[in-house]
Amino acid sequence: MIAKKSKWQQFRQKFRKDYRYFLLFTGIALIGFLLFYFYPIVRTLVLSFTNKSIFDTNTEFIGWENYLYAIKHDKLFALSIKQSMIFAVISGFFVLVTSLILALLLNSKVKGIGVFRTIYMLPFIIPSFAVGAVYKNLFNPGTGLINQILSLFGVTNPPLWHISPDSALLTMILISSMGFGVKMLVFLAALQSIPEHLYEAAKLEGATRTQQFFRITLPLITPMLFFNVILITIDGLRAFSLAFVMGNGQGWPSNSTLLFPIYMFMTAFNMPFRLGYAAAMAWLFFLVILGFTLIQFFMSKFYVEKDITLS
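Just so we're aligned, residue 6 is where the sequence shown starts under this note's numbering, counting upward by one.
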């Protein structure tokens, strides 16, 4: 007589069977995550408490010295954090506004909307370093197309753009403000999910287009607005490619394009290759990004509509 399996034995047997399928379908992704994400994060945290350098074999544990030096004594660290914040906030504002306006236009009955979507997404298909090189040539004070166009309109002293310390960061902000493709599509998807009968009812009530926008459209897209704000802020704080190309990887001219990712790169991969100190800076910058994100989550309570009914 065959003994009946207990519920626990049945559960273990089923779990083992399902576990094999789980490993089969997620094993490669899990290995990739552990190798290329989890291990580097842990390794960076360990390095941040050492004086690790590429050519120095005498690595020592130095505790919080890297963190304290960055906070108290490193003026370039403070400058790079400040400029990254300025870059992220100003360029992010323009990206947010521009992407929303374009999404509203594309949500109208526009012929050839697919062509416009493709054009707006092209900068994201092309590698970011190539895009940065194109913009650098366009804004070249001597031979760039932008200043040549300005000269046709009688501008005798055109801006020096990224060559001048006074305007280099503003030039990067201007160029970065054109990166609205993905954010525009997010807004467009949110706009197209709004039922048409809400607008029809508003028209019957005599609501103007402005009233429809502020009372119907804007409240219903606030979840996607919040999503885009988070995405834009993190992208702005992590900006690297454009600043690397514009500042030749050194924050030129006069550290005016020295965003934090550039400074961290210079610290880690320029002489004397201070990997430990660069790792500590990375963790401090993580706290900055975390702080920005938590503030935005707190602020979202005041403008994001959570109880939305579309009936």
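Idealized CB from N, CA, C, for every residue including glycine.
Give the secondary structure of residue i by DSSP, where H, G and I count as helix, E and B as strand, and everything else as coil.
| i | result |
| --- | --- |
| R279 | strand |
| S156 | helix |
| M6 | Confidence at M6 is low in this model, with a pLDDT of 46, below 50, so its placement is unreliable and the value that follows should be read with caution. Coil at M6, not helix or strand. |
| P146 | coil |
| P164 | coil |
| S172 | coil |
| G296 | helix |
| K311 | coil |
| M183 | coil |
| A212 | coil |
| T262 | coil |
| F270 | helix |
| F41 | helix |
| F60 | coil |
What are the residues that DSSP puts in a beta bridge with residue i?
| i | result |
| --- | --- |
| A66 | It should be pointed out that residue 66 corresponds to Phe in this sequence rather than to Ala. Per DSSP, T55. |
For the alpha helix (DSSP H) holding residue i, just list the boundary residues, first then last.
| i | result |
| --- | --- |
| M126 | I118 to I130 |
| Q255 | From DSSP, Q255 is part of no alpha helix (DSSP H); its letter is neither H nor E. |
| P200 | First-last for P200: undefined, no H or E at that position. |
| T227 | L223 to L242 |
| S85 | K80 to L111 |
| L247 | S246 to M251 |
Please check the pair residue i and residue j, which I expect to be a contact at CB under 8 Å, by giving their CB distance rounded to whole angstroms.
| i | j | result |
| --- | --- | --- |
| Y125 | L110 | The Cβ separation is near 11 Å, so there is no contact. |
| L143 | S261 | At roughly 19 Å, the Cβ-Cβ gap does not stay under 8 Å, so L143 and S261 are not in contact. |
| L105 | V234 | Wrong, their Cβ atoms sit about 11 Å apart, outside the cutoff. |
| T222 | E310 | 11 Å between Cβ atoms; not a contact. |
| T298 | G97 | Not quite, the Cβ-Cβ distance comes to about 13 Å (not below 8 Å), so this is no contact. |
Next on the checklist: Any contact between the stretch 197-213 and the stretch 169-187? By contact I mean 3 or more CB pairs, one from each, below 8 Å.
Outcome noted: no
Checklist entry - Pairing CB atoms from the stretch 52-63 with CB atoms from the stretch 280-295, are three or more of them under 8 Å? => result yes
Item to check | Cβ contact check for the stretch 295-307 and the stretch 278-287: 3 or more pairs under 8 Å | outcome: no
Next on the checklist: Under 8 Å: do the stretch 57-71 and the stretch 247-254 share three or more Cβ pairs, one atom per stretch?
Outcome noted: Counting Cβ pairs under 8 Å, fewer than three are found: no touch.
Next on the checklist: Does the structure place the stretch 118-138 close enough to the stretch 149-164 that three or more beta carbon pairs sit under 8 Å?
Outcome noted: no
Checklist entry - Counting Cβ pairs closer than 8 Å, one from the stretch 160-173 and one from the stretch 254-270, do we hit at least three? => result yes
Checklist entry - With a cut-off of 8 Å, do at least 3 Cβ pairs link the stretch 267-275 to the stretch 36-52? => result no
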